[in-house]
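Single-structure report; data block below.
Residue numbers (our numbering): 6 to 185.
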């Protein structure tokens, strides 16, 4: 059962995913969680680093689509300055939101990667929708109250993953030789 939580890659930060690495792995679209992955959960305005990363991906013709469990109002407020498409109320860990994004934007599962900071929602949803996943470290050490319980369970799951898959380590990029 723990294998359903095993990410394809573990990369320290979403901004470490370069267009070259993504293209080398056949990625045409990045599905991304919002809070503590793309932006800090308590700062919906993003950062200059985020704007730079989004510009690089746009120039490389790699689409970024937010897939969030948040409400339409919350996601719209956060992504409006970046003009990013999104799926709100994605119901992760269910694969529904990811499958909806694949269908809406006519994407194949093998050309998509889901990036998120939670094993129990983002990675599980990716695994069950048949897309590769990138687990990133949360932008902030703190979380919204609704996420705190998941973080406790996640520690147990991560311990088990590392026990069963000792090669599972944090990376700086998507180097295929380190693919898990």
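Glycine included, each C-beta is placed from N, C-alpha and C at the ideal position.
Handout entry: Simplified DSSP assignment, three categories, for residue 136
Key = coil
Practice task
With DSSP collapsed to three states, give me the class of residue 115.
Solution key: Residue 115 falls in the helix class under three-state DSSP.
Practice task
Report the three-state DSSP secondary structure of residue 26 (helix, strand or coil).
Solution key: helix
Problem - Cβ-Cβ distance between residue 17 and residue 164 below 8 Å - result: no
Handout entry: Three-way DSSP call (helix, strand, coil) for residue 95 in this model
Key = DSSP places residue 95 in coil when its eight states are reduced to three.
Problem - Beta carbon of residue 114 nearer than 8 Å to that of residue 124 - result: Going by C-beta atoms, residue 114 is not nearer than 8 Å to residue 124.
Practice task
Could you tell me which residues DSSP puts in a beta bridge with residue 40?
Solution key: 44
Handout entry: Minimum Cβ-Cβ distance from residue 162 to chain B less than 8 Å
Key = The displayed structure is made up of one protein chain only, and chain B is not part of it.
Handout entry: Given 8 Å, three or more beta-carbon pairs between the region 90-97 and the region 57-66
Key = no
Exercise for the section: Inspect the beta-carbon positions of residue 136 and residue 120 and report whether they are closer than 8 Å. Expected result: Between residue 136 and residue 120, the C-beta spacing is not below 8 Å.
Practice task
Would you mind sorting residue 41 into buried or exposed? The rule is 16 or more other CB atoms within 10 Å of its CB.
Solution key: buried
Exercise for the section: Have a look at residue 74 and residue 93 and give me their C-alpha separation to the nearest angstrom. Expected result: 6 Å
Exercise for the section: Determine which residues share a DSSP beta bridge with residue 15 and list them. Expected result: According to DSSP, which records beta bridges pairwise, residue 15 is partnered with 140.
Problem - Coil, strand or helix - residue 121 by DSSP - result: strand
Problem - Span separating the alpha-carbon of residue 162 from that of residue 101 - result: Going from the Cα of residue 162 to the Cα of residue 101 covers about 23 Å.
Practice task
Taking only the alpha-carbon atoms, compute the straight-line gap between residue 109 and residue 53 and give it to the nearest angstrom.
Solution key: 29 Å
Handout entry: Given residue 116 as reference, the closest of 58, 138, 168 once Cα atoms are compared
Key = 138
Practice task
Return helix, strand or coil for residue 237, following the three-state DSSP convention.
Solution key: The question about residue 237 has no answer, for the chain in this structure spans 6 to 185.
Problem - Where the alpha helix (DSSP H) containing residue 81 begins and where it ends - result: 77-84
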